[in-house]
Every structure is written in C-alpha cells, then in structure tokens.
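Encoded as structure tokens, the structure appears first; notes follow it.
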Amino acid sequence: MFNLILFGPPGAGKGTQAKIIAQHFGFLHLSTGDLLRNEIEKKTELGILLKSYIDKGMLVPDQIVMKELYRYALQHKNAKGIIFDGFPRTLKQAESLDKVFCKKGMCISLVISIVVPEEELIKRILNRASDSNRTDDNFQIAKKRLEVYKSLTLPVIEYYKKTNRLVEVNGNRSVTEVSEDIKKAILSQINQINFIHG
Ligand code: AP5
Ligand code: MG
Numbered sequence: 110m111f112n113l114i115l116f117g118p119p120g121a122g123k124g125t126q127a128k129i130i131a132q133h134f135g136f137l138h139l140s141t142g143d144l145l146r147n148e149i150e151k152k153t154e155l156g157i158l159l160k161s162y163i164d165k166g167m168l169v170p171d172q173i174v175m176k177e178l179y180r181y182a183l184q185h186k187n188a189k190g191i192i193f194d195g196f197p198r199t200l201k202q203a204e205s206l207d208k209v210f211c212k213k214g215m216c217i218s219l220v221i222s223i224v225v226p227e228e229e230l231i232k233r234i235l236n237r238a239s240d241s242n243r244t245d246d247n248f249q250i251a252k253k254r255l256e257v258y259k260s261l262t263l264p265v266i267e268y269y270k271k272t273n274r275l276v277e278v279n280g281n282r283s284v285t286e287v288s289e290d291i292k293k294a295i296l297s298q299i300n301q302i303n304f305i306h307g
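Take the sequence shown: its position 64, counting from 1, is numbered 173 in the working numbering, and each next residue is one higher.
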C-alpha cells in the first residue's frame, strides 16, 4: 500500500490534483474537508457542530477529525494506496497518523507540498465561490483559512522534512504541469521503496 499526503494552503489545488492522481494510480482519494461537508449535509448534530467551525474558517478539533478519518480509512484497508487531502493539518494529527497507520502496516511514504503564492490562492478561491456551494469560499473566510494554515498547519512541514518524506512542487502552473510533477515524485518514491525492499 502506497500512502501519500497532498499538503498545501487553501486553494493550492490539493483536491484537483488528488482526483487526477487517484485516477491515474488507482488510489483512494480521502479529503477530510469532503468527509466533514458530507456530515454537514446530513444535518446531524455532529454536522451542525462541524459547520460552526468550518463557516468561521477555523479547524475542526483534532479528536473529531481523526475519528472521522480513521473510521473511513480503516474501511479501505485493502486500497492500493490512499491520498490524504487536507489531513494532517496540525502536528498532533501528523503524529497520530504515523502512529495509527504504521501500526497497521499503512505508513505514509510521501508528502507532496504544493506551493502557490497567496494572491493566487485568494484569486482561485474567489473564482470558485460562484459555483462551489462552499460557505467558506468568500474573501473574509479565505483570509482567515490562510491565517490558520500559516499558524497551525505550515509548521507540520518541519515534521515531514525531518523524516525525509517531503517533496515540494510548484503549484503556480497549469493543472497538467503540476500533476506531471506529482506523478514523477510518486514513481521515484515507489522505485526507491522497491530498491530498498528488493
Ligand atoms: P478543505 O476542504 O480541506 O479546504 P482547504 O484546505 O481550505 O482547501 P480547498 O479545498 O479550498 O483548496 P484545495 O487545495 O483543495 O484546492 P482545489 O483543488 O479545490 O477544508 C475546509 C475546512 O474543513 C477547513 O477550513 C476546516 O475547517 C475543516 N477541515 C478539513 N480538514 C481538516 C483537518 N484535517 N483538521 C481540522 N479541520 C479540517 O483548487 C482551488 C480552485 O483553484 C479550484 O477552483 C480549482 O479548479 C482551481 N485550481 C486548481 N489548480 C489550479 C491550477 N494549477 N491553476 C489554476 N487554477 C487551479
Ligand atoms: Mg480541497
């Protein structure tokens, strides 16, 4: 099983790329944002609570997200690979992911950080706002999401740098150019793993 993380700020193209890469390699695409929005749509008590965080551009508490994520991921233990989109977003989530998944033989092999300048991120989110149906796609909340990303999520990069699993990709190019680079990074990591393990 080859598990990877698509890491990056709001609007970087995590979801766009995850779909392309999942289809290309036959991996499962796991977006925590989508999982949480599905729960909101069901209008459950949990959904109402989740909405109160997402609509403010704040992170949903770690315990809630992790519970939802593991429930879903462990239902797909037989997948060829999982692409994590939007998770982890805090150091606690990153550490927990390694602990829980490695124990089950589902370690994270690669973290791809998609880098895009801030003005472009805001532009993309506002462009999407007209047809995304996302209550957090507006200027004020997009700014807040970026702030939260910089303070709570960006530091997680250091955690992955230390364990030599991080590859940076310039996300400020066409969708195809970005996905070609991501495919190359995945193939190179798969070759390296095969070389080490024979
Ligand atoms: P989430 O759903 O993860 O949203 P996000 O991180 O803010 O990112 P987006 O989905 O907005 O952007 P993306 O990087 O997927 O880009 P996309 O491909 O769509 O999270 C939402 C909320 O849920 C959070 O704020 C939080 O409250 C909660 N949450 C989720 N996970 C959590 C967690 N782990 N812990 C706690 N809380 C959590 O692209 C954006 C736009 O740009 C699209 O219109 C696309 O068509 C366009 N585009 C993409 N690539 C390109 C390109 N190369 N050139 C031009 N346009 C492009
Ligand atoms: Mg997304």
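We put the beta carbon where it would ideally sit given N, CA and C, even for glycine.
Remember, it's a predicted structure, so these values are computed and weren't measured experimentally.
Contacts around residue i, its chain only, beta-carbon distance under 8 Å, and the 5 residues preceding and following it disregarded
i: A203; result: P197, V265, Y268 and Y269
i: A294; result: L219, I221, V276 and V278
i: G214; result: M110
i: S239; result: none
i: V224; result: G117, A121, E277, V278, N279, G280 and N281
i: R274; result: I217, S218, L219 and V220
i: L145; result: L159, I163, V169, V174 and E177
i: I231; result: G120, F248, A251, K252 and L255
Selected residue, minimal CA-CA separation from residue i, among the options
i: L178; options: I223, L137, K151 and E228; result: L137
i: P226; options: L155, K259, F210 and N247; result: K259
i: G190; options: F210, E148 and L155; result: F210
i: I192; options: H306, V169, K151 and C216; result: C216
i: Q132; options: R146, S288 and L235; result: S288
i: K212; options: E286, L183, L155 and H306; result: L183
Through-space distance from residue j to residue i, alpha-carbon basis
i: G120; j: G280; result: 10 Å
i: I291; j: I130; result: 8 Å
i: D245; j: K271; result: 33 Å
i: K252; j: Y162; result: 15 Å
i: D171; j: L159; result: 12 Å
i: V284; j: L261; result: 27 Å
i: F134; j: N242; result: 29 Å
i: A188; j: I157; result: 31 Å
i: I149; j: G142; result: 11 Å
i: N300; j: R233; result: 34 Å
i: N303; j: L296; result: 10 Å
i: H185; j: N112; result: 12 Å
i: T153; j: L263; result: 31 Å
i: Y181; j: K208; result: 17 Å
i: N147; j: G307; result: 41 Å
i: K151; j: E286; result: 37 Å
i: L155; j: I305; result: 44 Å
Beta-bridge pairing of residue i - partner residues as DSSP gives them
i: E277; result: S222
i: M138; result: In the sequence under discussion, the amino acid at residue 138 is His, which differs from the Met named in the question. Looking at the DSSP assignment, H138 forms a beta bridge with I192.
i: L159; result: Per DSSP, none; premise fails for L159.
i: L115; result: D194 and I221
Proximal residues to residue i (C-beta, below 7 Å), its chain only, five neighbours per side dropped
i: E228; result: none
i: G166; result: D245, I250, K253, R254 and V257
i: D194; result: L115, K123, G124, A127, H138, L139 and S140
i: Q298; result: S218 and L219
i: M175; result: Q202 and S205
i: N247; result: A238
i: L200; result: P264, V265 and Y268
Checklist line | Below 7 Å from a heavy atom of the ligand MG - residues by beta-carbon | finding: Ordered along the chain, the selected set is K123, G124, S140, G142, D194 and G195.
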